[in-house]
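Numbering (this note's numbering), first residue to last: 173 to 248. Note that the Cβ used here is the ideal one computed from N, Cα and C, for glycine as well.
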Amino acid sequence: MATYSVSVRLRRTVVEERYVSVPITEALLQSDPDEDGARRLDPDKLVAAAIRLGQDDADWRPEGREVTMHPIQKAP
173 MATYSVSVRL RRTVVEERYV SVPITEALLQ SDPDEDGARR LDPDKLVAAA IRLGQDDADW
233 RPEGREVTMH PIQKAP
């Protein structure tokens, strides 16, 4: 008796985590001071600096892994 199979394309996503220490510098502060004259951290600049620091592969720890069906199915 003949047997048949169907190919299903899967996708595996590995999630890793890492903490980075972002030095507070003049470049991370908002350009315009508040009404009280204080200059606050610019959240967008802080996140951009953290992402730059996290670009290397050192110190990343696995957090989870998920296997799902790939949304685009095409023949192998």
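task: May I have the straight-line CA-CA distance separating Glu207 from Arg183, to the nearest angstrom?
output: Taking the sequence shown and counting its residues from 1, one reaches residue 207 at position 35. Taking the sequence shown and counting its residues from 1, one reaches residue 183 at position 11. Answer to the nearest angstrom: the Cα atoms are 51 Å apart.
Give me whichever residues DSSP pairs with Pro234 in a beta bridge. Numbered from its first residue, the sequence shown carries residue 234 at position 62. DSSP, once it has assigned bridges, lists Glu188 as partnering Pro234.
* Alpha-carbon spacing of Val219 relative to Arg237, whole angstroms -> Position 47 of the sequence shown, counted from the start, is the residue given in the question as residue 219. Position 65 of the sequence shown, counted from the start, is the residue given in the question as residue 237. Roughly 24 Å separates the two Cα atoms.
Practice task
Could you check which residue in Met173, Ala174, Val194 and Ser177 has the C-alpha nearest to that of Gly226?
Solution key: For this step, residue 226 is matched to residue 54 along the sequence shown. Of the listed residues, the one whose Cα sits closest to Gly226 is Val194.
Exercise for review: Kindly list the residues whose CB is nearer than 8 Å to the CB of Arg233, restricted to its own chain and excluding five residues on each side of it in sequence; keep chain order.
Suggested key: On the sequence shown, residue 233 is found 61 positions in, with the first residue counted as 1. Glu188, Glu189 and Arg190, listed in sequence order.
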